[in-house]
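Enquirer: The opening residue of the sequence shown carries number 0 in numbering that gives the first Met the number 0; numbering runs sequentially from there. Every residue gets a Cβ at the ideal spot worked out from N, C-alpha and C, and that includes glycine.
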Amino acid sequence: MITFRLEAAGEAGLIYDLVHQTFGQEAEAILVEDLCKDGDALISIVALDDDIIVGHILFSDIPVGTSKNLLRGAALAPLSVSAAHKDEGIGGGLIMQGLRECRKHGVQVVLVLGDPDYYGRFDFSSSLADELDSPYQGDSFLALELEPGVLEGITGNVLYPNAFKKLD
């Protein structure tokens, strides 16, 4: 049975290995490591099959908007599921658990760069992100309002943590 919980102390190395294996490169694993090291990680959740980590999701703290109208945002990145557990709903479970935790932390909007069809199932939308100035644009730059209507009339910057710049 798959269970979900917040990352526990001492699991960083296991998460690094999972993310590295999932993406087939170290860039995303280094992103997780750097976000945690720099204090930008907001929520880190693991999926367990018995006591083995088979999935992980990270949300980082990002301000959205202008100095006059600043929203509490979170970036969802990365989402990782072991190859042996693909298509079992683990990614969706991690997203849903993560969004619940984001609400508890007062996050108003969540942003992700990803497949619009996949993330659209969780109500992420590129049209909600259209007015935001971000290093990421286009149909794959998606937003989800955790407070309905919070992005209405909002223009301004999305200030991603420095660790994201290493992915470019």
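#1: Reducing DSSP to helix, strand and coil, say where residue 2 ends up.
#2: Which word fits residue 154, buried or exposed, when buried means at least 16 other C-beta atoms lie within 10 angstroms of its C-beta?
#3: Please confirm if residue 151 has its CB atom under 7 Å from at least one CB of chain B.
#4: Counting pairs of beta carbons, one from the region 149–164 and one from the region 29–46, are three or more of them closer than 8 Å?
#5: Excluding the 5 residues flanking residue 171 on each side, which residues of the same chain have their C-beta closer than 6 Å to its C-beta?
#6: With a CB to CB cut of under 6 Å and the five nearest residues on each side skipped, what residues in its chain are close to residue 119?
#7: For residue 98 and residue 130, what's the separation of their Cα atoms in angstroms?
#8: Which residue wins for smallest C-alpha separation from residue 50, given the options 135, 0, 28?
#9: Mapping DSSP to helix, strand and coil, what is residue 115?
#10: Would DSSP call residue 68 helix, strand or coil?
#11: For residue 11, tell me which candidate among 21, 29, 85, 156 has the shortest Cα-Cα distance.
#12: Look at the Cβ atom of residue 45, then the Cβ atom of residue 52, and state whether they are nearer than 7 Å.
#13: Counting Cβ pairs closer than 8 Å, one from the region 77–85 and one from the region 99–107, do we hit at least three?
Expert: According to the structure shown:
#1: Within the sequence shown, numbered from 1, the residue matching residue 2 stands at position 3. If DSSP states are grouped into helix, strand and coil, residue 2 belongs with the strands.
#2: Against the sequence shown, residue 154 aligns to sequence position 155. Exposed is the call here.
#3: No chain B is present in this structure, which holds just one protein chain.
#4: Judged by pairs of C-beta atoms under 8 Å, the region 149–164 touches the region 29–46, as three or more such pairs exist.
#5: Lying outside 0 to 167, the shown extent of the chain, residue 171 is not represented and no answer is given.
#6: Taking the sequence shown and counting its residues from 1, the one referred to as residue 119 is at position 120. Cβ within range, chain order: n/a, list empty.
#7: Your numbering for residue 98 matches position 99 in the sequence shown. Your numbering for residue 130 matches position 131 in the sequence shown. The straight-line gap from Cα to Cα measures roughly 22 Å.
#8: Within the sequence shown, numbered from 1, the residue matching residue 50 stands at position 51. Looking at the Cα atoms, 0 is the closest of the given residues.
#9: Translated into positions along the sequence shown, residue 115 becomes position 116. In the structure shown, residue 115 sits in a helix (DSSP, three-state: H, G or I).
#10: Stepping through the sequence shown from its first residue, residue 68 is reached at position 69. Correct three-state label for residue 68: coil.
#11: Translated into positions along the sequence shown, residue 11 becomes position 12. Comparing alpha-carbon positions, the option among 21, 29, 85, 156 lying closest to residue 11 turns out to be 29.
#12: Numbered from 1 along the sequence shown, position 46 holds the residue referred to as residue 45. Numbered from 1 along the sequence shown, position 53 holds the residue referred to as residue 52. For the pair residue 45 and residue 52, the CB atoms are nearer than the 7 Å cut-off.
#13: They do not touch, by the three-pair rule.
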